[in-house]
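Following: one structure in structure tokens, then a few remarks.
There are 2 protein chains.
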Amino acid sequence: MAGELDFLFYPRSVAVIGASHVPGKVGNAIMRSITANFNGKVYAVNVKGGEIEVNGKKFKVYKSVKEIPDEIDVAVIAVPARFVPDVIDECGEKGVKGAVVISAGFKEAGRADLEEELVKRARKWGIRVVGPNCLGVTNLENGFDCNFNPPERQARPKFGSIAFMSQSGAFGAAILDWAARHEVGMSKFISLGNMADLDESDFMLYLKDDPKTKVITAYIEGVKDGRKFFNVAKETTKVKPVIILKAGRTEAGAKAAASHTGSLAGSYKIYEAAFEQSGVLSAKSMRQLFNYAKALAMQKPAQGDRVAIVTNGGGAGVMMSDGLLEAGLKLAELSEETREKFRKAIEEGKLPEHMSYKNPIDVIGDAPSSRYELAIRYALEDPNVDVLAVIALFQSPALDEGIVDVMEKVQEYGKPIVFVAPGGEFPEKMARRIEEKGVPVFETVEDGVDAVYALVKYGLYLKELQSF
Amino acid sequence: MAGELDFLFYPRSVAVIGASHVPGKVGNAIMRSITANFNGKVYAVNVKGGEIEVNGKKFKVYKSVKEIPDEIDVAVIAVPARFVPDVIDECGEKGVKGAVVISAGFKEAGRADLEEELVKRARKWGIRVVGPNCLGVTNLENGFDCNFNPPERQARPKFGSIAFMSQSGAFGAAILDWAARHEVGMSKFISLGNMADLDESDFMLYLKDDPKTKVITAYIEGVKDGRKFFNVAKETTKVKPVIILKAGRTEAGAKAAASHTGSLAGSYKIYEAAFEQSGVLSAKSMRQLFNYAKALAMQKPAQGDRVAIVTNGGGAGVMMSDGLLEAGLKLAELSEETREKFRKAIEEGKLPEHMSYKNPIDVIGDAPSSRYELAIRYALEDPNVDVLAVIALFQSPALDEGIVDVMEKVQEYGKPIVFVAPGGEFPEKMARRIEEKGVPVFETVEDGVDAVYALVKYGLYLKELQSF
Numbered sequence: 001m002a003g004e005l006d007f008l009f010y011p012r013s014v015a016v017i018g019a020s021h022v023p024g025k026v027g028n029a030i031m032r033s034i035t036a037n038f039n040g041k042v043y044a045v046n047v048k049g050g051e052i053e054v055n056g057k058k059f060k061v062y063k064s065v066k067e068i069p070d071e072i073d074v075a076v077i078a079v080p081a082r083f084v085p086d087v088i089d090e091c092g093e094k095g096v097k098g099a100v101v102i103s104a105g106f107k108e109a110g111r112a113d114l115e116e117e118l119v120k121r122a123r124k125w126g127i128r129v130v131g132p133n134c135l136g137v138t139n140l141e142n143g144f145d146c147n148f149n150p151p152e153r154q155a156r157p158k159f160g161s162i163a164f165m166s167q168s169g170a171f172g173a174a175i176l177d178w179a180a181r182h183e184v185g186m187s188k189f190i191s192l193g194n195m196a197d198l199d200e201s202d203f204m205l206y207l208k209d210d211p212k213t214k215v216i217t218a219y220i221e222g223v224k225d226g227r228k229f230f231n232v233a234k235e236t237t238k239v240k241p242v243i244i245l246k247a248g249r250t251e252a253g254a255k256a257a258a259s260h261t262g263s264l265a266g267s268y269k270i271y272e273a274a275f276e277q278s279g280v281l282s283a284k285s286m287r288q289l290f291n292y293a294k295a296l297a298m299q300k301p302a303q304g305d306r307v308a309i310v311t312n313g314g315g316a317g318v319m320m321s322d323g324l325l326e327a328g329l330k331l332a333e334l335s336e337e338t339r340e341k342f343r344k345a346i347e348e349g350k351l352p353e354h355m356s357y358k359n360p361i362d363v364i365g366d367a368p369s370s371r372y373e374l375a376i377r378y379a380l381e382d383p384n385v386d387v388l389a390v391i392a393l394f395q396s397p398a399l400d401e402g403i404v405d406v407m408e409k410v411q412e413y414g415k416p417i418v419f420v421a422p423g424g425e426f427p428e429k430m431a432r433r434i435e436e437k438g439v440p441v442f443e444t445v446e447d448g449v450d451a452v453y454a455l456v457k458y459g460l461y462l463k464e465l466q467s468f
Numbered sequence: 469m470a471g472e473l474d475f476l477f478y479p480r481s482v483a484v485i486g487a488s489h490v491p492g493k494v495g496n497a498i499m500r501s502i503t504a505n506f507n508g509k510v511y512a513v514n515v516k517g518g519e520i521e522v523n524g525k526k527f528k529v530y531k532s533v534k535e536i537p538d539e540i541d542v543a544v545i546a547v548p549a550r551f552v553p554d555v556i557d558e559c560g561e562k563g564v565k566g567a568v569v570i571s572a573g574f575k576e577a578g579r580a581d582l583e584e585e586l587v588k589r590a591r592k593w594g595i596r597v598v599g600p601n602c603l604g605v606t607n608l609e610n611g612f613d614c615n616f617n618p619p620e621r622q623a624r625p626k627f628g629s630i631a632f633m634s635q636s637g638a639f640g641a642a643i644l645d646w647a648a649r650h651e652v653g654m655s656k657f658i659s660l661g662n663m664a665d666l667d668e669s670d671f672m673l674y675l676k677d678d679p680k681t682k683v684i685t686a687y688i689e690g691v692k693d694g695r696k697f698f699n700v701a702k703e704t705t706k707v708k709p710v711i712i713l714k715a716g717r718t719e720a721g722a723k724a725a726a727s728h729t730g731s732l733a734g735s736y737k738i739y740e741a742a743f744e745q746s747g748v749l750s751a752k753s754m755r756q757l758f759n760y761a762k763a764l765a766m767q768k769p770a771q772g773d774r775v776a777i778v779t780n781g782g783g784a785g786v787m788m789s790d791g792l793l794e795a796g797l798k799l800a801e802l803s804e805e806t807r808e809k810f811r812k813a814i815e816e817g818k819l820p821e822h823m824s825y826k827n828p829i830d831v832i833g834d835a836p837s838s839r840y841e842l843a844i845r846y847a848l849e850d851p852n853v854d855v856l857a858v859i860a861l862f863q864s865p866a867l868d869e870g871i872v873d874v875m876e877k878v879q880e881y882g883k884p885i886v887f888v889a890p891g892g893e894f895p896e897k898m899a900r901r902i903e904e905k906g907v908p909v910f911e912t913v914e915d916g917v918d919a920v921y922a923l924v925k926y927g928l929y930l931k932e933l934q935s936f
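As you go down the protein sequences, you meet chains A and B in turn.
Counting from 1, one number per residue, gives the positions in the first sequence under this note's numbering.
Counting from 469, one number per residue, gives the positions in the second sequence under this note's numbering.
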């Protein structure tokens, strides 16, 4: 914790302005979210005063933030838009540092004037603003969660190392829910809203120095300030990967974006070039975004683009070969030394006669984990191999659970590894166990291809940087 | 049931040759699979004789198929490769119609001679052969299941209307396991193996007339006879959709395929042209294969390529617009009449002021199901709309469960509908309920794009056919 915006994610005390005792109301849902896991101090504010009960705890309701007998770091504001500027003034008088404005009814509803007024007042007091028209911020580390979606509709992901920013609140919520379901760990979520003050670049800069965030991801329709974004992205990607799902890539998408967030999406070609030059990985879909992120959160970037595949199924090896080449990667050509090792091991009966040790290395359907281990070691010892993709079809009972330990051990070579385990319940269970050992596991071959691509693409970007 | 190969999928009596009492052995696993749900007669055969117990039932073990005091429709053979030709002769003497040869050790292991011998003997007796070197056939309707993968490692999907053929046994097994996990229903699974006799075209022809199969899917690396395949595919796609995942598309993939199934994959361009001309949908990934299949199994093909989107999240609408355009589809331009309906409904307070009724139609985050219904009806009544994509972000508690009934009712317009519900547990639960009403639901926007693409692509192919 050393960032300028730490107070927004690690507040000691929070005021919920517009707190309500009526279930279903936004001001009630926010109280419910914030008090569920957060152990900072939470104060309720509502002009009506009184008392409210949330999550089994009673809260006195202050009529104004100014009445609270304590310092307040962050105000979460959920009052009708027209009252927000005055509430900001009260926050200013109180010495509040940050305002998370959940309320809608500003620029997106044709009230740019109200939004300007909000910013003007905030600037006067030096208050930084998230939103308006957003789900606020969620810090999965300390439970500070402004999101008004109830947990029974939108689960929260476990704490992990991927940060996510979204220009779409609704889509952001869907992603959190999806991440929870797929056991993807997140550090911080930021619903950017109208970005009247703080924008995607400000948060990227904060997340760059956030020790709890290893990978920064974002859904955006358009950036607020191109130059600022480009410079911040360039600095950030030197330190950690940035992955962006940019919507509004096509003409129809751009039109839809204009009517959604008012983003002038601009030509996607310009975005593509900016991403490329600043080392940002551009994802085309939600799954790709998280395939990239999971790989980079768990493994080191690759030193080159030569991929070895070890598989117990020929067909999956063929598919992976196709996918890698279609993504612009290369299949490693195994060195003569490596081939000699395989020949010898086959001669000695340590590996089966009919296996293939061309790349993809096919250890065949009856491979136990010990056979995987040998093949994986030979592949990783080869100087022609930069990244390893292991495919395991767990439907064959020959493949024992020892593969979990194998995957732990073979990380000693320091080369990035991606694991693919297609299928249903059993592979899913094994996947979670292998991930506990640090190797990311993917459900389909195409997800695995994404993962390898991200490790190579970002790795090559870093390498190019170093050569200057 | 009227197809020539019915005896292979609906045998009255089956002999498992190579049946074993040793758990873990293939001949034991096959007995376990076949006797789990199948209610035809099952006989065990092993030169050793004796008795074995499987799934709590005792079976007398006949020393030869010829000793069985009953007619045998199908022999499932799992004896060492070198014995298979003689076993075929015994089957011939017994009058067996079909042999499912699970045993490996033929062409794929350098024993093309043994495979030729197998075919020669089978032809002599008029026995049709599945395999060798395969997982056999699985009929999800009657439980006739030769697959030796144990259920704790590879689940079986529920009975449904998608047939699947695979040139890779291991990958086929992974797909069955995956389909079970994702509640995709299948009619029949065929592990093609070496295709010494029956090949992908023979089975396609059978499935074309199979009343239990609505959609035919396949994983292939190369077809056995290009001309035969093309002709059969052309006839089949007139009756039902055929979707093929062709691996070995790239140079590296083709090389890997050559060493896997010995397929001379040939130029992918030639395959692409053949698929295009014969109306086969070509999928690039496992997910795409099933996105296409699920859509076509549940909805009618579209009459045109103009897509309307109804969404409660602007961002998801933008992403869907991008995806549709990138897939070569069009966003429908709503008619003046439709726009007038929306204007009026907004005036009358039936729809909210700030919604967008350009396409994507954004009913906004606080939309209840009644608002969806109105917007969906307006879209489907529009003659400019051929297909509808509904996106629901269930994370918002405003969206009530009435949406299930809405989706049932709006099918009355006869236009194909695809539903997208991104997120975690709650959307998944709603998805299954909406699917019970006949509308296919997808987990991500990109899956939904695939679905719409398949409905349009196949629909336009059929339309073109009619115009000749």
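For each residue, glycine too, the CB sits at the ideal point set by N, CA and C.
From residue i to residue j, what does the alpha carbon distance come to, in whole angstroms?
{"i": "A/Val-239", "j": "A/Tyr-458", "result": "11 Å"}
{"i": "A/Ile-376", "j": "B/Ala-725", "result": "21 Å"}
{"i": "A/Leu-8", "j": "A/Phe-144", "result": "9 Å"}
{"i": "A/Val-14", "j": "A/Arg-181", "result": "29 Å"}
{"i": "A/Asn-359", "j": "B/Cys-559", "result": "41 Å"}
{"i": "A/Asp-199", "j": "A/Asn-139", "result": "17 Å"}
{"i": "B/Val-512", "j": "A/Asp-400", "result": "According to the sequence shown, residue 512 of chain B is Ala rather than Val. Going by the C-alpha atoms only, they are around 29 Å apart."}
{"i": "B/Glu-876", "j": "B/Lys-905", "result": "5 Å"}
{"i": "B/Met-787", "j": "B/Ala-546", "result": "51 Å"}
{"i": "B/Asp-850", "j": "A/Ser-161", "result": "47 Å"}
{"i": "B/Glu-896", "j": "B/Ala-889", "result": "8 Å"}
{"i": "B/Glu-801", "j": "B/Asp-854", "result": "11 Å"}
{"i": "B/Met-469", "j": "B/Pro-679", "result": "For B/Met-469, the predicted model reports a pLDDT of 48, less than 50, meaning its position is unreliable; a value from the coordinates is still stated below. Cα-Cα distance, rounded: 7 Å."}
{"i": "B/Glu-609", "j": "B/Ala-922", "result": "26 Å"}
Whose CA, out of the options, lies closest to the CA of residue i?
{"i": "A/Thr-338", "options": "A/Ala-233, A/Asp-322, A/Met-165 and A/Ile-361", "result": "A/Ile-361"}
{"i": "A/Gly-105", "options": "B/Tyr-478, B/Glu-561 and B/Ile-832", "result": "B/Ile-832"}
{"i": "B/Leu-757", "options": "B/Arg-839, B/Trp-646 and B/Ala-483", "result": "B/Trp-646"}
{"i": "B/Thr-729", "options": "B/Asp-868, B/Leu-749, B/Glu-561 and B/Gly-637", "result": "B/Gly-637"}
{"i": "A/Arg-121", "options": "A/Pro-85, A/Cys-146, A/Glu-51 and A/Glu-141", "result": "A/Pro-85"}
{"i": "A/Lys-60", "options": "A/Val-76, A/Ile-77 and A/Val-42", "result": "A/Val-42"}
Could you tell me how far apart the beta carbons of residue i and residue j are, in whole angstroms, since I believe they sit closer than 8 Å?
{"i": "B/Phe-777", "j": "B/Ala-751", "result": "Just to set this straight, residue 777 of chain B is Ile in the shown sequence, not Phe. Contact doesn't hold; Cβ gap of about 23 Å is too wide."}
{"i": "A/Val-101", "j": "A/Gly-131", "result": "4 Å"}
{"i": "B/Leu-675", "j": "B/Lys-656", "result": "7 Å"}
{"i": "B/Ile-885", "j": "B/Val-907", "result": "5 Å"}
{"i": "A/Val-47", "j": "A/Ile-72", "result": "Actually they are not in contact, since the Cβ atoms of A/Val-47 and A/Ile-72 sit about 17 Å apart, beyond 8 Å."}
Using a cut-off of 7 Å between C-beta atoms, extract the partners of residue i located in chain A.
{"i": "B/Ala-641", "result": "Leu-393 and Gln-395"}
{"i": "B/Ala-725", "result": "Val-318"}
Run down chain A in chain order and give the residues with a C-beta less than 9 Å from the C-beta of residue i.
{"i": "B/His-489", "result": "What B/His-489 touches in chain A: nothing, since even the nearest Cβ is about 17 Å away."}
{"i": "B/Lys-826", "result": "Lys-255, Ala-256 and Ser-259"}
{"i": "B/Glu-457", "result": "Residue 457 of chain B is absent from the model: chain B starts at 469 and stops at 936."}
Using a Cβ cut-off of 7 Å, pull out every chain B residue sitting near residue i, in sequence order please.
{"i": "A/Leu-192", "result": "In chain order: nothing, as chain B lies at least about 11 Å away."}
In chain B, what lies closer than 8 Å to residue i by C-beta?
{"i": "A/Asn-312", "result": "Ala-638"}
{"i": "A/Ala-109", "result": "His-822"}
So with CB distances below 8 Å, who are the chain A contacts of residue i?
{"i": "B/Val-913", "result": "Ser-285 and Met-286"}
Identify the contact partners of residue i in chain B, using a Cβ-Cβ distance below 9 Å as the criterion.
{"i": "A/Trp-470", "result": "Residue 470 of chain A falls outside the range modelled here, since chain A spans only 1 to 468, and no answer is possible."}
Is any beta-carbon of chain D found at less than 8 Å from that of residue i?
{"i": "B/Arg-717", "result": "The structure shown contains no chain D; the protein chains it does contain are A and B."}
What are the complete alpha helix (DSSP H) segments, minimum 4 residues, inside the stretch 675–714 of chain B? 694–707
Unbroken alpha helix (DSSP H) runs of length 4 or more, entirely within the stretch 399–456 of chain A: which are they? 403–409 and 425–436
Threshold first: 4 residues or longer. Then list the alpha helix (DSSP H) segments lying entirely within the stretch 597–684 of chain B, N to C. 637–649 and 668–676
Within the stretch 253–284 of chain A, note down every full alpha helix (DSSP H) run reaching 4 residues or more, in order along the chain. 268–278
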